[in-house]
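**Q** Okay, here's the structure, questions in a sec.
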Amino acid sequence: MAKQAEKKGLIFKIKRFSVHDGPGIRTSVFLKGCPLNCLWCHSPEGIRNDISIWHDQNLCLACGKCAKACPEKALELIKDTGPYMKINRELCNVSGKCVKICPTNAMQFTGSAATVTEIINEIEKDLLFYESSVGGVTLTGGEPLNQPDFSVEILAECRKRKIHTAIETTLFCEKETIDIVSAKTDLFIVDMKLSDPEKHKQYTGKSNEIIKENFRHIAALGKEILVRIPLIDNITNTEENLNAITEFVNNTRMDIPIEKLSFNPLAGNNYKKLGIPFLLK
Ligand code: SF4
Ligand code: SF4
């Protein structure tokens, strides 16, 4: 019988030597797809659960080779503003001919399909660093719990190799997903944005009732948790919101630390590459 091909998941980055996503030196694996759509998201390429193309103005020579190579006529190079590539996504079938011909990597895919084995091969390159720094692997995104089976497989393979595992998550998922993943996860890094459900819906597209319920659930399971709050002026970074999140976390379990994250001013660049507006003022 022919061997079944290993299933693939969608990722958009693997970052080695990461020091901000959990203890020690880590490899962060960025999985595609997120149920939320935060106004300040700095990885808009991670929101959709599919692969498309994007264009980096800073690398572009304006040679026009990509537009000429596109059989679907999906690209229009506008030279006077930058240069800027107008991508007609209705016409683009993601064949990648433009990516292949571009001499500077200015045209790129927004992610790739990868097997667990391929990801583990990358992770294993830094085993010595995890050991010496008490580091490990962090699944992030996007939302890693958006591809739960794939995430669990990666975490399970890490566990087999005695690598510390962390998940950076919004916790916007089914409770059953938490149960499956938590057995293989040492640390949950939970992004909490807004305490008020209505404001949460206004700025992320979804209310936060499920998130709060899942938070209480992982706390009751006794998991190690770190809460992170992105500081967005006049939205998350208000005294009222920060106090409300702190009160919620402390009332859930007193030993959970809270970290505040400064806003990344370069977040707008990735919206430019995708050709979509960055609406955060
Ligand atoms: S991916 Fe293919 S269809 Fe899309 S713009 Fe590039 S060449 Fe054209
Ligand atoms: S092929 Fe690459 S460098 Fe040339 S115009 Fe297209 S994106 Fe720019």
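459 is the number of the first residue of the sequence shown in our numbering; add one for each residue after it. Just so you know, even glycine gets a beta-carbon here, dropped at the ideal spot from N, CA and C.
So is the beta-carbon of Cys528 under 7 Å away from any non-hydrogen atom of ligand 2?
**A** Incorrect: Cys528 has no Cβ contact closer than 7 Å to ligand 2.
**Q** Would you list the residues sitting across from Gly599 in a DSSP beta bridge?
**A** DSSP, once it has assigned bridges, lists Leu489 as partnering Gly599.
**Q** In the DSSP assignment, find the beta strand (DSSP E) that holds Gly467 and state where it starts and stops.
**A** Lys466 to Ser476 is the span of the beta strand (DSSP E), which, as asked, contains Gly467.
**Q** Got a sec, what are the start and stop residues for the alpha helix (DSSP H) His500 sits in?
**A** Where His500 is concerned, there is no enclosing alpha helix (DSSP H), given that its DSSP letter is neither H nor E.
**Q** Alpha carbon to alpha carbon, what distance is there between Leu738 and Phe706?
**A** Distance between the alpha carbons of Phe706 and Leu738 is about 27 Å.
**Q** Could you check if Phe608 is buried or exposed, using at least 16 other CB atoms within 10 Å of its CB as the buried criterion?
**A** Phe608 is buried by the Cβ-count criterion.
**Q** Starting from the C-beta of Arg711, find all residues in its chain whose C-beta is less than 6 Å away, skip the five residues before and the five after it, and write them out in chain order.
**A** Counting only Cβ-Cβ distances below 6 Å, and skipping sequence neighbours, we find Ala677.
**Q** Classify Arg619: buried if its beta carbon has 16 or more other beta carbons within 10 angstroms, exposed otherwise.
**A** Arg619 should be labelled exposed.
**Q** Using a threshold of 8 Å, state whether the C-beta atoms of Lys544 and Ala520 are closer than that.
**A** Not in contact: Lys544 and Ala520 (Cβ atoms no closer than 8 Å).
**Q** Identify, in the order they occur along the chain, each residue of the same chain with its Cβ nearer than 6 Å to the Cβ of Thr628, setting aside the five sequence neighbours on each side.
**A** The answer, listed in chain order, is Leu494, Glu601 and Asp649.
**Q** Sorry if obvious, but does the Cβ on Cys518 come closer than 7 Å to a heavy atom of ligand 2?
**A** It does: the Cβ of Cys518 is within 7 Å (strictly closer) of some heavy atom of ligand 2.
**Q** Do Leu533 and ligand 1 come close, with the Cβ less than 7 Å from some heavy atom?
**A** Within the cutoff, so yes.
**Q** If you compare alpha carbons, which of Ala641, Leu645 and Phe630 is closest to Pro655?
**A** Nearest option by C-alpha distance: Phe630.
**Q** Here's the rule I'm using: 16 or more other beta-carbon atoms within 10 Å means buried, otherwise exposed. How should Pro767 be labelled?
**A** What the structure shows of the chain is the stretch from 459 to 739, and residue 767 is not part of that stretch, so it cannot be assessed.
**Q** Using 10 angstroms around the beta-carbon of Gly726, count the other beta-carbons present and answer buried if the total reaches 16, otherwise exposed.
**A** That one is exposed.
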